[in-house]
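Residue numbers (this note's numbering), protein chains in the order written: chain A, 814 to 1263; chain B, 814 to 1263.
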């Protein structure tokens, strides 16, 4: 009987993260102030500990994972690599399909891979509290868990509409001891001003970021934490790809193509970058970022300097963007509704070293349901994007007869997304295609510098 | 650094289930018709396949697990055995605490361990459809998953109040391809009669069982499946304890005490029976069934013949019971709200070979939150009962200084129970103690035979 799960012992948890900067043909573009001047490490020190700022600008290939972080990782890592025998049979494809399952983390997704080291470094720096934002709650719950593990107070600004409509992610954060505020809140000046103007304000991710950053910047005992986009976040996520390489080696296989969902880029970077190291060394492996047609940053955006947030409070970064005030349609893969993308992912894409495709919402749920019926696990809507693209390639293999080895990142489970599946099964889910006019409008509003 | 997870390779999935009947000092009491005559295998053949009926009455010590069942088990088994280092530290106990985590199954609990073989044996017998009932949805979703794996149609009668209030378990079943009906439904005569009397009928587990059994009994292509209580269900669950024994052997340890939640008995029997084999051979290991104070079947019930269902449609079985028309208070551990108990568990308890304790609802949630903050995983409310009893023993060890080895079954995760955690954290959860008057009343209503 063929092997289904390729496991590693916890002694095989990687000891170092992989920094893709070391193998990029060109150095990464630096973040700038809106006035065009470089942003130095000092400017970030108000909200991040120095050890994280050092990782953000490092070009060292290998960065050690602190032992206390590896110890917490043992609660759920190494994550299993699955061979999708039943999905292959259901598709009738000669392709071999593998997936790495990150839903084994207590918070249910890969986000915990970075919240744990971020909590550790802040604790080491003497920080007592972390302020952060969350939309649907995946990042907030990951940060709540990590804060609890290292004895940090965690304060989560949760977009009000999610706070009201998705109470279970909120309960999860509270179970792990975090304080959760509906944003806009009375906790910050930004929030109070917004509520003074409109007491029924439903909030937005941009507003929640502003509240968390305000709190972190105004208190010496408090720092800020971010769940994607930045270099150090992608660095922490490379543990996924590093483990996967060990697992492929155990079964004597290696992927021809790798698929991962791509919103802010940490999901994709986490699984793909360690394989990019091989590609840079001449190995033939295709790395495919998968994004929604409704928010097609890489496939339809421009490569330009833009703000990381909607309100224009952050430094500007060179990245693919749809314009910082682009508001993506309300698809259920909330983690992929981001106007920009990781600068590292963007640069590699701009230089033709990685690929990107976009897929429509209904097709992703169709793929997710087919996957669940074959393999059991119900995937997060974000993960369904990678499954869709991988299944499409497996069906091409069926046409061509090529027995390619395909690999995707199953970044999380869908236990807190059943309302979306419910709508899909009831035929009430919509497709959103390329919102051309809205993107044109927001792209006319890029910062003039850079 | 001490080991956290003790893993087995999928080649180490047990090849046989363990049948406790072979090691019981006395043969099990047979089920009877209400008229006092023994119920033969033929009477069950209308709703169960013969291979399952044979398991129900077998006294063979080892029963082989069919290879196609082991193949599906590879999607999530063997489940990990954890050493709870962080919980031990939080309690300051010298005890060693281990837990087996069954929440890794795609449906999120141990119930899948029996739904998969039940689906397999029905498929082998030429059955096309399974009819079953579900309360909160844990069993229904496990059966939906298993049916999908073997190409069986699954029809789930879901208590209407849960169908309306807990839509996400319903969506889960539908994602796996099952049809779900709010019970009472228009699908059966029982349901139509109930709705004719009261179109707003909110349903009950007894009603849902009646509908499922009616459908199974009236169609040759359809069988019934049950998620606990019966001997074959406990047999299938012994895979938990059998794996745990291999895992303890790997680290050279062995439990002094084992704790498991006990409602219908399959959770407890699954983890405890394989250790009972050692106990019968002279080994000193204490097996503790943990039940809610609100439904204290073993600790406050009587050992007598009673119906398995509320409506009095099933054969009568000798078991601990609170009376078949006892209606337990609405605690959040829905899986433990059962008036009776497994006849095998009951007989072992009656003979003084296993122990039982009862714990109150608030104390179980307190334990669950403490566990989640130490170990990450948010447990199902049922599992919190075992955690509470195990923690209490660990605290006794702290008093006495005894370094006992304690082991409990973490039978499922709480991702679909966050509303209960929410109420607990908001101080809105109630305790229910021994409902003496209600139990007295229902015990006066036991069948006169047996």
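All C-beta atoms in this analysis are idealised placements derived from N, C-alpha and C, irrespective of residue type, glycine included.
Here the structure is a predicted model, which is why all the values come from computation and not from measurement.
Would you please verify whether the beta carbon of residue i is less than 9 angstroms from any beta carbon of chain A?
{"i": "residue 981(B)", "result": "yes"}
{"i": "residue 961(B)", "result": "yes"}
{"i": "residue 921(B)", "result": "yes"}
{"i": "residue 917(B)", "result": "yes"}
{"i": "residue 1008(B)", "result": "no"}
In the DSSP assignment, the beta strand (DSSP E) including residue i goes from what residue to what residue?
{"i": "residue 928(B)", "result": "It is not in any beta strand (DSSP E) - residue 928(B) instead sits in the alpha helix (DSSP H) that spans 925 to 937."}
{"i": "residue 1221(B)", "result": "1218 to 1223"}
{"i": "residue 992(A)", "result": "992 to 996"}
{"i": "residue 1169(B)", "result": "1168 to 1172"}
{"i": "residue 1105(B)", "result": "1099 to 1105"}
{"i": "residue 1070(B)", "result": "1070 to 1074"}
{"i": "residue 1193(A)", "result": "Taken as a continuous stretch (DSSP letters only), residue 1193(A) belongs to no beta strand (DSSP E), as it is neither H nor E."}
{"i": "residue 885(B)", "result": "It is not in any beta strand (DSSP E) - residue 885(B) instead sits in the alpha helix (DSSP H) that spans 880 to 886."}
{"i": "residue 1131(A)", "result": "1129 to 1134"}
Is any beta-carbon of chain B found at less than 9 angstroms from that of residue i?
{"i": "residue 778(A)", "result": "No answer is possible for residue 778(A): it lies beyond the span of chain A, which begins at 814 and ends at 1263."}
{"i": "residue 894(A)", "result": "no"}
{"i": "residue 818(A)", "result": "yes"}
{"i": "residue 989(A)", "result": "yes"}
{"i": "residue 1190(A)", "result": "yes"}
{"i": "residue 976(A)", "result": "no"}
{"i": "residue 1140(A)", "result": "no"}
{"i": "residue 1235(A)", "result": "yes"}
{"i": "residue 1238(A)", "result": "yes"}
{"i": "residue 823(A)", "result": "yes"}
{"i": "residue 1185(A)", "result": "yes"}
{"i": "residue 932(A)", "result": "no"}
{"i": "residue 1182(A)", "result": "yes"}
Taking all protein chains shown into account, decide if residue i is buried (16 or more other Cβ within 10 angstroms of its Cβ) or exposed.
{"i": "residue 872(A)", "result": "exposed"}
{"i": "residue 927(B)", "result": "buried"}
{"i": "residue 914(A)", "result": "buried"}
{"i": "residue 828(B)", "result": "exposed"}
{"i": "residue 1246(B)", "result": "exposed"}
{"i": "residue 1210(A)", "result": "buried"}
{"i": "residue 1171(A)", "result": "buried"}
{"i": "residue 1204(B)", "result": "buried"}
{"i": "residue 956(B)", "result": "buried"}
{"i": "residue 997(B)", "result": "buried"}
{"i": "residue 822(B)", "result": "exposed"}
{"i": "residue 1033(A)", "result": "exposed"}
Measuring straight from C-alpha to C-alpha, what distance separates residue i and residue j?
{"i": "residue 932(A)", "j": "residue 952(A)", "result": "13 angstroms"}
{"i": "residue 1046(B)", "j": "residue 1061(B)", "result": "24 angstroms"}
{"i": "residue 1108(B)", "j": "residue 1011(B)", "result": "28 angstroms"}
{"i": "residue 971(B)", "j": "residue 993(B)", "result": "7 angstroms"}
{"i": "residue 1081(B)", "j": "residue 1198(B)", "result": "11 angstroms"}
{"i": "residue 1113(B)", "j": "residue 1074(A)", "result": "54 angstroms"}
{"i": "residue 841(A)", "j": "residue 847(A)", "result": "18 angstroms"}
{"i": "residue 1154(A)", "j": "residue 1184(A)", "result": "27 angstroms"}
{"i": "residue 1063(A)", "j": "residue 886(A)", "result": "21 angstroms"}
{"i": "residue 1140(A)", "j": "residue 1014(B)", "result": "45 angstroms"}
{"i": "residue 1225(B)", "j": "residue 1119(B)", "result": "29 angstroms"}
{"i": "residue 917(B)", "j": "residue 882(B)", "result": "17 angstroms"}
{"i": "residue 1054(B)", "j": "residue 943(B)", "result": "28 angstroms"}
{"i": "residue 1148(B)", "j": "residue 874(B)", "result": "28 angstroms"}
{"i": "residue 1006(B)", "j": "residue 1031(B)", "result": "17 angstroms"}
{"i": "residue 1237(B)", "j": "residue 990(A)", "result": "13 angstroms"}
For the alpha helix (DSSP H) containing residue i, list its first residue and its last residue.
{"i": "residue 1249(B)", "result": "1249 to 1256"}
{"i": "residue 904(A)", "result": "898 to 904"}
{"i": "residue 965(A)", "result": "No alpha helix (DSSP H) holds residue 965(A); DSSP gives it neither H nor E."}
{"i": "residue 1084(B)", "result": "1079 to 1093"}
{"i": "residue 863(A)", "result": "863 to 870"}
When DSSP builds the beta bridges, which residues end up paired with residue i?
{"i": "residue 1140(A)", "result": "Bridge partners of residue 1140(A): none, in fact."}
{"i": "residue 1036(B)", "result": "943(B)"}
{"i": "residue 1162(B)", "result": "According to DSSP, residue 1162(B) bridges with nothing at all."}
{"i": "residue 1117(B)", "result": "1132(B)"}
{"i": "residue 877(A)", "result": "829(A)"}
Beta carbon of residue i: closer than 8 angstroms to some heavy atom of the ligand MG?
{"i": "residue 1109(A)", "result": "As far as ligands go, the structure on display features none, and thus does not contain the ligand MG."}
Interface residues of the segment 1193 to 1221 of chain B facing chain C [CB-CB below 8 angstroms]: Looking at the structure shown, chain C is missing, and the protein chains on hand are A and B.
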